[in-house]
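Undergrad: Pasting a structure below so you can have a look.
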Amino acid sequence: MAKPEYFGKINEAAGFGAAIRAARKAAGMRIADVCALANVSIQTLSDIESGKPTVSIGKMLDVADCLGVSFFSVSAEERHTAEKELPRLFPAWHR
2 MAKPEYFGKI NEAAGFGAAI RAARKAAGMR IADVCALANV SIQTLSDIES GKPTVSIGKM
62 LDVADCLGVS FFSVSAEERH TAEKELPRLF PAWHR
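For the sequence shown, our numbering begins at 2 and goes up steadily by one.
Here is the structure:
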């Protein structure tokens with residue numbers, strides 16, 4: 002599944018919900034598809050996409066993981082670069 006580029010800083014539930022919805026649509030997935038993969042209810046996914054701040058962090062992480070969305074607003078390319086460079090910059094951490 003292609004990972005979409007995300008926009009701006011995700012610093013509130015509404016921004017996170019918008020990123021989840023954008024990723025789901027970019028992947029061509031229906032709400033029911035994501036719910037089945039993340040093991041969440043349709044209501045939970047709807048609440049996440051609507052930006053409701055009452056959804057548990059665990060459920061949000063489950064959905065985010067299924068769609069490749071990070072709580073940190075970095076692109077896949079930036080994340081890949083960081084993952085490559087960390088062992089070189091901090092070799093003691095990666096023994």
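Using N, Cα and C, we set each Cβ at its ideal position, and we do this for glycine too.
Since we're looking at a predicted model, the values are computed, not measured.
I'd like to check one pair, residue 49 with residue 32: are the Cβ atoms closer than 8 Å?
TA: Not in contact: residue 32 and residue 49 (Cβ atoms no closer than 8 Å).
Undergrad: Going by the CB atoms, is the gap between residue 83 and residue 72 shorter than 8 Å?
TA: No. Outside cutoff.
Undergrad: So residue 25 and residue 87 are supposed to be a Cβ contact under 8 Å. How far apart are they, rounded?
TA: Contact flag wrong, Cβ pair sits at about 30 Å.
Undergrad: Spatial neighbours of residue 18 within its chain, please: CB distance less than 7 Å, with the 5 preceding and 5 following residues excluded, ordered by chain position.
TA: Around residue 18: 49, 50, 51 and 52.
Undergrad: Express the C-alpha separation of residue 47 and residue 41 in angstroms, rounding to a whole number.
TA: If you take the alpha carbons of residue 41 and residue 47, they lie about 10 Å apart.
Undergrad: Looking only at its chain, what residues have a beta carbon closer than 6 Å to the beta carbon of residue 14, apart from the 5 residues adjacent to it on each side?
TA: Once the five neighbours on either side are set aside, the close Cβ partners of residue 14 are 52 and 54.
Undergrad: Looking at residue 45: is its Cβ nearer than 8 Å to the Cβ of residue 56?
TA: Yes, these two residues count as a Cβ contact at 8 Å.
Undergrad: Tell me whether residue 39 is buried or exposed, calling it buried when 16 or more other Cβ atoms sit within 10 Å of its Cβ.
TA: Buried is the call here.
Undergrad: Once DSSP output is grouped into helix, strand and coil, what is the label at residue 15?
TA: Residue 15: helix per DSSP, three-state reduction.
Undergrad: What residue does the alpha helix (DSSP H) around residue 59 start on, and which one ends it?
TA: Where residue 59 is concerned, the enclosing alpha helix (DSSP H) stretches over 58–68.
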